[in-house]
Amino acid sequence: MASPFLWMGLTSLMGQLEVFSGGGILPRAPRWANYPEALTVQPFGRYFLNSLVFATAVAAGQVATSATAGYAFARIDFPGRDRLFMLFLSTMMVPAVVVLIPRFLVIDALDWIDTYQGLISTELVSVWGIFLMRQYFRTVPRELEDAARVDGAGHLRIFWSVALPLAKPAVATLALFAFVDAWKNLLWPLLVTRSMEMRVVEVGIAAFHSTYEINWPYQMAAGVAAVLPIALLFLFTQRYFVRGIQLEGIR
Amino acid sequence: MMNGTRVVRDRQDGGRVRRPTLAALAAVTFAAGVGLVLAVAAGRVEGAREAVAEAEARMAAALWEEEGGGADAVAGLLGDRASILGTNAGGAGPGAYAYQAGALEPAAWIAVAPRGAGSASTAFPATATAIALAGLALIAGWAGVRRHAPAHSRYPAGIALLSVGCIAVTVFAAERWADRELGALSTARVGQGARAVELVLATGADPARAARVAHLPWVEDGALESPDDQWTMPAEVATAIVASLERGAGGLAALSPDLPSATPAFTPYTVEAEGATWHAARTADIHLAFLGYERTASPALTLAGGGTLAALLVTLVLHLVQLSARPRALRRTLAAWGLLAPAAALILAFTLGPLLFSLWISLHEWRLIDPAPLFLGFDNYAGLLVDGEWWSAIGNTALFTLHVPAAMAVALALALLTRGSRRALRWARLALFLPAITSVAAIAVVWKWLLSDQYGLLNRVLERAGLESVPWLNSPDTALASLMVIGIWMVVGYQMVGFQAGRLVRRGPGRRRGAVAALPPYHAARPAPHPVLRARYVDHRILPGLRPRLRDDRGRPAGGHRCRRLPHLPGGVGVPAVRQRGRDELAAVRRRVRRHLAAFPLPRYAPRPWLTAPAHPGSRAGCCSPRRASSWRRPSCGWG
Numbered sequence: 003m004a005s006p007f008l009w010m011g012l013t014s015l016m017g018q019l020e021v022f023s024g025g026g027i028l029p030r031a032p033r034w035a036n037y038p039e040a041l042t043v044q045p046f047g048r049y050f051l052n053s054l055v056f057a058t059a060v061a062a063g064q065v066a067t068s069a070t071a072g073y074a075f076a077r078i079d080f081p082g083r084d085r086l087f088m089l090f091l092s093t094m095m096v097p098a099v100v101v102l103i104p105r106f107l108v109i110d111a112l113d114w115i116d117t118y119q120g121l122i123s124t125e126l127v128s129v130w131g132i133f134l135m136r137q138y139f140r141t142v143p144r145e146l147e148d149a150a151r152v153d154g155a156g157h158l159r160i161f162w163s164v165a166l167p168l169a170k171p172a173v174a175t176l177a178l179f180a181f182v183d184a185w186k187n188l189l190w191p192l193l194v195t196r197s198m199e200m201r202v203v204e205v206g207i208a209a210f211h212s213t214y215e216i217n218w219p220y221q222m223a224a225g226v227a228a229v230l231p232i233a234l235l236f237l238f239t240q241r242y243f244v245r246g247i248q249l250e251g252i253r
Numbered sequence: 003m004m005n006g007t008r009v010v011r012d013r014q015d016g017g018r019v020r021r022p023t024l025a026a027l028a029a030v031t032f033a034a035g036v037g038l039v040l041a042v043a044a045g046r047v048e049g050a051r052e053a054v055a056e057a058e059a060r061m062a063a064a065l066w067e068e069e070g071g072g073a074d075a076v077a078g079l080l081g082d083r084a085s086i087l088g089t090n091a092g093g094a095g096p097g098a099y100a101y102q103a104g105a106l107e108p109a110a111w112i113a114v115a116p117r118g119a120g121s122a123s124t125a126f127p128a129t130a131t132a133i134a135l136a137g138l139a140l141i142a143g144w145a146g147v148r149r150h151a152p153a154h155s156r157y158p159a160g161i162a163l164l165s166v167g168c169i170a171v172t173v174f175a176a177e178r179w180a181d182r183e184l185g186a187l188s189t190a191r192v193g194q195g196a197r198a199v200e201l202v203l204a205t206g207a208d209p210a211r212a213a214r215v216a217h218l219p220w221v222e223d224g225a226l227e228s229p230d231d232q233w234t235m236p237a238e239v240a241t242a243i244v245a246s247l248e249r250g251a252g253g254l255a256a257l258s259p260d261l262p263s264a265t266p267a268f269t270p271y272t273v274e275a276e277g278a279t280w281h282a283a284r285t286a287d288i289h290l291a292f293l294g295y296e297r298t299a300s301p302a303l304t305l306a307g308g309g310t311l312a313a314l315l316v317t318l319v320l321h322l323v324q325l326s327a328r329p330r331a332l333r334r335t336l337a338a339w340g341l342l343a344p345a346a347a348l349i350l351a352f353t354l355g356p357l358l359f360s361l362w363i364s365l366h367e368w369r370l371i372d373p374a375p376l377f378l379g380f381d382n383y384a385g386l387l388v389d390g391e392w393w394s395a396i397g398n399t400a401l402f403t404l405h406v407p408a409a410m411a412v413a414l415a416l417a418l419l420t421r422g423s424r425r426a427l428r429w430a431r432l433a434l435f436l437p438a439i440t441s442v443a444a445i446a447v448v449w450k451w452l453l454s455d456q457y458g459l460l461n462r463v464l465e466r467a468g469l470e471s472v473p474w475l476n477s478p479d480t481a482l483a484s485l486m487v488i489g490i491w492m493v494v495g496y497q498m499v500g501f502q503a504g505r506l507v508r509r510g511p512g513r514r515r516g517a518v519a520a521l522p523p524y525h526a527a528r529p530a531p532h533p534v535l536r537a538r539y540v541d542h543r544i545l546p547g548l549r550p551r552l553r554d555d556r557g558r559p560a561g562g563h564r565c566r567r568l569p570h571l572p573g574g575v576g577v578p579a580v581r582q583r584g585r586d587e588l589a590a591v592r593r594r595v596r597r598h599l600a601a602f603p604l605p606r607y608a609p610r611p612w613l614t615a616p617a618h619p620g621s622r623a624g625c626c627s628p629r630r631a632s633s634w635r636r637p638s639c640g641w642g
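If you want it as structure tokens, here you go:
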């Protein structure tokens with residue numbers, strides 16, 4: 003299962019012609035220079051920065067919108083709640099490609115093409131996140147809420163001071179998934195960004211592939227550099243990913 | 003009640019709402035709805051005006067280029083509405099760049115003032131306004147008449163119905179007005195095109211060249227087959243035009259009053275073709291046609307849309323008004339709406355809106371040369387049904403989805419293989435999950451390289467083994483299968499973790515514990531506020547509720563006597579130790595809950611009476627019974 007990654011790492015250290023020589027799998031002499039070279043022929047530093055800004059903003063936005071909406075769905079009894087929730091859930095069934103073009107037209111009408119706000123705004127809400135937060139808030143014992151209400155707290159107060167602090171694990175899970183998903187997102191940034199300054203890593207890798215079609219070691223080096231941050235992030239936060247899948251089972 | 007105003011009493015909360023308030027709110031909503039309808043109609047007309055001005059500017063620029071910089075032709079076409087400015091004025095308002103022959107940089111910017119801007123016709127249609135006022139009067143009258151109706155009548159529903167009806171009529175009127183305006187603008191557009199063609203023809207240019215200036219589809223007089231050109235008219239329209247001319251019933255539509263009427267050959271008229279109305283005009287030997295700036299969907303669709311919107315709006319406000327009789331429910335609803343607002347707005351703007359938009363697009367044909375998409379109904383869908391490519395795409399998709407069950411089988415096997423807490427297994431799980439979270443582009447590149455025809459790893463291995471290499475991604479036979487393998491590779495990590503997390507396949511010990519975090523939903527219906535002191539509340543109410551939900555790290559009940567089965571623990575841990583651990587866990591939860599409640603700020607106002615111990619003779623402080631405490635207003639009853 004990990005062999006593609008292994009192969010990626012090994013190829014990234016080969017010489018450009020060595021790849022085609024049909025020799026062994028191991029590089030004859032590791033060529034570490036591939037990395038600085040590949041990452042500087044295109045402004046990958048800028049790409050990484052853009053990806054970081056994009057993914058962080060999306061994670062923060064999704065946490066904010068999902069936590070508030072999830073709490074309302076889980077804990078507040080208001081007319082039409084379940085119907086509204088079903089409506090929200092039904093949008094999960096829509097393939098992303100269907101709304102891609104209209105979304106692009108909306109962003110274009112707002113004159114937000116090739117800007118951060120255009121990149122970020124469509125991704126700020128995730129129905130999956132709302133569902134996750136709702137499920138989690140439902141597990142918070144009602145007694146805690148009642149105790150707070152005894153003290154005179156309203157719904158907003160309970161949300162902020164009781165429910166949200168208790169939901170930190172879910173928030174962490176959601177933030178991580180949102181971050182990783184945003185980092186992985188290729189299609190939308192590809193569509194919305196035009197200039198090199200606005201490209202994210204994913205688009206950068208794709209563009210790199212078409213520009214340096216023959217130079218596999220360079221591409222593999224760029225690929226390793228793109229995979230590495232997420233792999234490291236995952237290494238230290240595995241627990242939250244597992245918890246997210248535990249809470250859902252619908253991904 | 004006190005001042006004689008009749009009120010609607012609410013059944014649940016006993017709150018009250020004054021009927022005139024209700025009527026006023028309904029009227030405000032209604033006025034807002036009508037305003038919205040009129041603004042939408044006016045916006046469409048305004049947009050069409052600017053589009054006409056843009057088109058006129060393009061024609062003027064083309065004329066200017068034909069004449070080699072002649073300001074006379076531009077003035078002849080547009081009069082004083084056009085002004086030829088330097089290029090630095092470009093981009094502001096409707097207009098077009100004009101180029102010198104062969105030049106790459108524009109030489110001038112021709113700005114055009116929109117037709118009829120600021121004139122009386124931009125004002126909202128009088129009929130619609132009259133209807134709106136009539137609706138308001140009706141509502142007010144209704145409120146007056148029904149002032150003495152009994153409580154719990156169908157009063158709000160009546161108002162809602164009335165408002166929706168009035169708004170629907172307003173939509174209809176506004177649409178009629180917009181249609182008339184748009185029709186006039188379309189006639190003007192095609193008329194100006196004909197005029198521009200005349201002007202170019204007068205310079206001795208050939209008809210094709212002249213027709214290009216108009217930026218409209220065209221056909222030469224009497225010839226259905228017009229030369230191969232960018233702006234060729236659809237054959238059906240050309241046929242219809244010729245037919246209508248031959249019948250002599252060309253229906254010479256009323257000329258728009260502000261068109262230059264000096265040219266005899268120029269006669270705008272309308273033709274029905276392809277299920278839409280085309281505005282056509284004739285110059286000496288060319289016919290121009292133009293799919294007008296018109297509502298292209300059926301009026302019923304607009305009416306239904308407007309009606310639904312209005313109904314939603316009115317019910318929303320009426321709903322709120324009704325809730326205002328029950329302050330607690332109102333507060334709850336407002337809090338919920340406030341919390342939902344960001345998510346709902348974003349979903350509406352970027353998911354539901356675009357979804358409806360694509361539905362709308364799917365019912366239309368969108369041509370580059372026509373500003374208004376043509377309503378087709380389900381023709382596009384019918385086209386799909388007979389499209390072979392579509393069916394093969396469906397087949398491929400169906401085949402491709404088979405990778406999901408395949409991946410599940412693989413994931414189950416892997417989940418069984420990698421359960422346990424040994425270090426190697428943990429690393430194996432990590433490696434298996436990694437594909438699910440890594441960047442798609444990098445994955446695509448690496449697989450492309452792995453499966454590359456000549457140098458890919460897989461083919462090299464095959465060659466070493468003396469087999470023939472396979473063009474994995476480049477042959478229709480193997481491409482889909484290769485993609486399915488990659489698909490399995492990508493999703494198998496998620497599913498594996500899903501199996502392990504869903505306890506179909508247990509993971510070994512070693513997962514961190516989170517007692518409160520793993521609580522299942524708790525649905526018991528209890529009276530909300532309790533007249534008990536805080537610590538007692540925690541001990542008597544919260545902790546007993548939590549106890550059965552405390553879990554050990556394998557998902558089994560933990561905590562003292564509730565621990566029926568022993569979790570399997572290494573190192574021969576016996577029963578007492580497990581019980582002790584359960585108790586420790588419970589104590590930890592108790593501490594956490596207490597700390598949390600202690601940190602929770604008390605309200606600023608004075609403590610409520612029941613928060614102080616009752617000065618009731620014979621009361622025993624440690625003995626309160628929460629179940630009986632719901633009647634806390636009478637302390638003599640719940641204490642002791």
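The listed protein sequences correspond, in order, to chains A and B.
Count along the first sequence from 1, add 2, and you get the number used in our numbering.
Count along the second sequence from 1, add 2, and you get the number used in our numbering.
All C-beta atoms in this analysis are idealised placements derived from N, C-alpha and C, irrespective of residue type, glycine included.
Keep in mind that this is a model prediction, so the values were computed, not measured.
For a contact defined as C-beta to C-beta under 7 Å, what are the partners of Glu-204 (chain A) on chain B? Along the first sequence, read from residue 1 onward, the residue named residue 204 (chain A) stands at position 202. Going along chain B in sequence order, the residues near Glu-204 (chain A) (Cβ under 7 Å) are Ser-441, Val-442, Ala-443.
8 Å Cβ cutoff, Val-39 (chain B) in contact with chain A: To locate residue 39 (chain B), count along the second sequence from 1; it is residue 37. Not one chain A Cβ lies under 8 Å of Val-39 (chain B).
Contact set between Met-3 (chain A) and chain B, taken where Cβ atoms lie within less than 9 Å: Counting from 1 along the first sequence, the entry for residue 3 (chain A) is found at position 1. Simply Leu-416, Ala-430, Ala-433, Leu-434, Leu-436, Pro-437, Trp-491, Val-494, Gly-495.
As assigned by DSSP and simplified to three states, the class of Ser-92 (chain A): As a working mapping, residue 92 (chain A) is identified with position 90 in the first sequence. In this structure, Ser-92 (chain A) counts as helix in the three-state DSSP scheme.
Helix, strand or coil at Phe-80 (chain A) according to DSSP, with G and I counted as helix: Position 78 of the first sequence holds residue 80 (chain A). Of the three classes helix, strand and coil, the one that applies to Phe-80 (chain A) here is coil, per DSSP.
Taking C-beta pairs closer than 8 Å, name the residues in chain B that Gly-156 (chain A) reaches, listed in chain order. As a position in the first sequence, residue 156 (chain A) is number 154, starting the count at 1. In chain order: Arg-333, Ala-337.
Entirely enclosed alpha helix (DSSP H) segments - the segment 106–156 of chain A, minimum 4 residues: Within the segment 106–156 of chain A, the complete alpha helix (DSSP H) segments of 4 residues or longer fall at 118–123, 129–141, 144–152, listed in chain order.
What is the rounded straight-line gap between the Cα of Ala-240 (chain B) and the Cα of Ala-291 (chain B)? Here residue 240 (chain B) refers to the residue found at position 238 when the second sequence is read from its first residue. Here residue 291 (chain B) refers to the residue found at position 289 when the second sequence is read from its first residue. Rounded to the nearest angstrom, the two C-alpha atoms are 8 Å apart.
Would Leu-166 (chain A) count as contacting chain B if we go by Cβ distances under 8 Å? Within the first sequence, residue 166 (chain A) is the residue found at index 164, counting from 1. No, its Cβ sits nowhere closer than 8 Å to a Cβ of chain B.
Select from B:Ser-364, B:Glu-391, B:Trp-393 the residue whose C-alpha is nearest the C-alpha of Asn-382 (chain B). The count along the second sequence starts at 1 and reaches residue 382 (chain B) at position 380. Among B:Ser-364, B:Glu-391, B:Trp-393, the Cα nearest to that of Asn-382 (chain B) belongs to B:Ser-364.
Looking only at its chain, what residues have a beta carbon closer than 8 Å to the beta carbon of Ile-132 (chain A), apart from the 5 residues adjacent to it on each side? Sequence index remark: in the first sequence, residue 132 (chain A) carries index 130 (1-based). Within the same chain, Ile-132 (chain A) has close Cβ partners Thr-67, Ser-68, Ala-71, Gly-72, Phe-75, Phe-90.
So Ala-4 (chain A) packs on Leu-436 (chain B), CB below 8 Å; how close in whole Å? Along the first sequence, read from residue 1 onward, the residue named residue 4 (chain A) stands at position 2. Along the second sequence, read from residue 1 onward, the residue named residue 436 (chain B) stands at position 434. Sure, about 7 Å apart at Cβ, within 8 Å.
Which residues does DSSP list as the beta-bridge partners of Arg-594 (chain B)? On the second sequence, position 592 is the one that residue 594 (chain B) refers to. Paired residue(s): none; Arg-594 (chain B) is not in a bridge.
Val-448 (chain B) CB to nearest chain A CB: under 8 Å? Numbered from its first residue, the second sequence carries residue 448 (chain B) at position 446. With 8 Å as the cut-off, Val-448 (chain B) counts as an interface residue toward chain A.
Looking at the C-beta of Leu-341 (chain B), does it have a partner C-beta in chain A at a distance below 8 Å? The residue you call residue 341 (chain B) lines up with position 339 of the second sequence. By this cut-off, Leu-341 (chain B) is an interface position.
Just the Cα atoms here: how many angstroms apart are Gly-104 (chain B) and Trp-66 (chain B)? Position 102 of the second sequence holds residue 104 (chain B). Position 64 of the second sequence holds residue 66 (chain B). Answer to the nearest angstrom: the Cα atoms are 14 Å apart.
Kindly list, in the order they appear in chain A, the residues whose Cβ is closer than 7 Å to that of Pro-356 (chain B). In the second sequence, counting from the first residue as 1, residue 356 (chain B) sits at position 354. Within 7 Å Cβ-Cβ: Val-101, Pro-104, Arg-105, Val-108.
Roughly how many angstroms lie between the CA atoms of Leu-261 (chain B) and Phe-46 (chain A), to the nearest whole one? For the purposes of this step, residue 261 (chain B) is identified with residue 259 of the second sequence, where counting begins at 1. For the purposes of this step, residue 46 (chain A) is identified with residue 44 of the first sequence, where counting begins at 1. Any reading at Leu-261 (chain B) must be qualified, since the residue scores a pLDDT of 39, below 50, and its modelled position is unreliable; the value itself is stated next. So the two alpha carbons sit approximately 59 Å from each other.
Mind checking if Pro-1 (chain B) is an interface residue toward chain A, Cβ cutoff 8 Å exclusive? What is shown of chain B runs 3 to 642, which leaves residue 1 (chain B) out entirely.
Taking DSSP's pairing of strands, which residues face Arg-201 (chain A) in a bridge? Taking the first sequence and counting its residues from 1, one reaches residue 201 (chain A) at position 199. Paired residue(s): none; Arg-201 (chain A) is not in a bridge.
Thr-279 (chain B) - DSSP class collapsed to helix/strand/coil: For this step, residue 279 (chain B) is matched to residue 277 along the second sequence. In the structure shown, Thr-279 (chain B) sits in a strand (DSSP, three-state: E or B).
Applying a beta-carbon distance threshold of less than 8 Å, which residues of chain B neighbour Tyr-73 (chain A)? Position 71 of the first sequence, counting from 1, holds the residue named residue 73 (chain A). Per Cβ cutoff of 8 Å: Leu-341.
If you drop the 5 nearest sequence neighbours on each side, which residues of the same chain put their C-beta closer than 8 Å to that of Ile-488 (chain B)? What you label residue 488 (chain B) is simply residue 486 of the second sequence in a count that begins at 1. Within the same chain, Ile-488 (chain B) has close Cβ partners Ile-445, Trp-449.
Anything in chain B within Cβ reach of Val-229 (chain A), meaning under 7 Å, just list it in chain order. For the purposes of this step, residue 229 (chain A) is taken as residue 227 along the first sequence, with counting starting at 1. Within chain B, the residues near Val-229 (chain A) are Thr-440, Ser-441, Ala-444.
Who are the Cβ neighbours of Leu-341 (chain B) in its own chain at under 6 Å, not counting the five residues just before and after it? Reading the second sequence from its first residue, position 339 is the one you call residue 341 (chain B). Result list for Leu-341 (chain B): empty, nothing under 6 Å.
Going by DSSP, what residue range makes up the beta strand (DSSP E) through Tyr-99 (chain B)? Start at 1 with the first residue of the second sequence, and residue 99 (chain B) comes out as number 97. Counting along the chain, the beta strand (DSSP E) containing Tyr-99 (chain B) begins and ends at 97–100.
Measure the alpha-carbon distance for Val-54 (chain B) versus Ala-91 (chain B) and round it to whole angstroms. Taking the first residue of the second sequence as 1, we reach residue 54 (chain B) at position 52. Taking the first residue of the second sequence as 1, we reach residue 91 (chain B) at position 89. Looking at the two C-alpha atoms, the distance is approximately 20 Å.
Which class does Leu-87 (chain B) belong to by DSSP, given the choice of helix, strand or coil? In the second sequence, the residue the question calls residue 87 (chain B) occupies position 85. Correct three-state label for Leu-87 (chain B): strand.
Go ahead and pull the three-state DSSP assignment for Phe-292 (chain B). What you label residue 292 (chain B) is simply residue 290 of the second sequence in a count that begins at 1. DSSP places Phe-292 (chain B) in strand when its eight states are reduced to three.
Residues in the segment 446–475 of chain B having any Cβ partner in chain A nearer than 9 Å: Ala-446, Val-447, Val-448, Trp-449, Lys-450, Trp-451, Leu-452, Ser-454, Gln-456, Tyr-457, Leu-459, Arg-462, Glu-465
Judging by CA-CA distance, which residue of A:Tyr-49, A:Leu-54, A:Ser-92 is the nearest neighbour of Ile-349 (chain B)? Locating residue 349 (chain B) in the second sequence gives position 347, where the first residue counts as 1. That would be A:Ser-92, whose Cα lies nearest to the Cα of Ile-349 (chain B).
Under DSSP, the alpha helix (DSSP H) around Ala-73 (chain B) begins and ends at which residues? Translated into positions along the second sequence, residue 73 (chain B) becomes position 71. Residues 73–80.
Just the Cα atoms here: how many angstroms apart are Gly-468 (chain B) and Tyr-457 (chain B)? Position 466 of the second sequence, counted from the start, is the residue given in the question as residue 468 (chain B). Position 455 of the second sequence, counted from the start, is the residue given in the question as residue 457 (chain B). Approximately 15 Å, taken between the alpha carbons.
Given this structure, state the Cα-to-Cα distance separating Val-226 (chain A) from Leu-361 (chain B), to the nearest angstrom. Stepping through the first sequence from its first residue, residue 226 (chain A) is reached at position 224. Stepping through the second sequence from its first residue, residue 361 (chain B) is reached at position 359. Each residue's Cα considered, the two are about 41 Å apart.
Is there a C-beta anywhere in chain A that falls below 8 Å from the one on Thr-403 (chain B)? Within the second sequence, residue 403 (chain B) is the residue found at index 401, counting from 1. No, because no Cβ of chain A sits closer than 8 Å to the Cβ of Thr-403 (chain B).
Enumerate, from N- to C-terminal direction, the unbroken alpha helix (DSSP H) stretches of 4 or more residues contained entirely within the segment 385–456 of chain B. 390–403, 405–419, 425–439, 442–452
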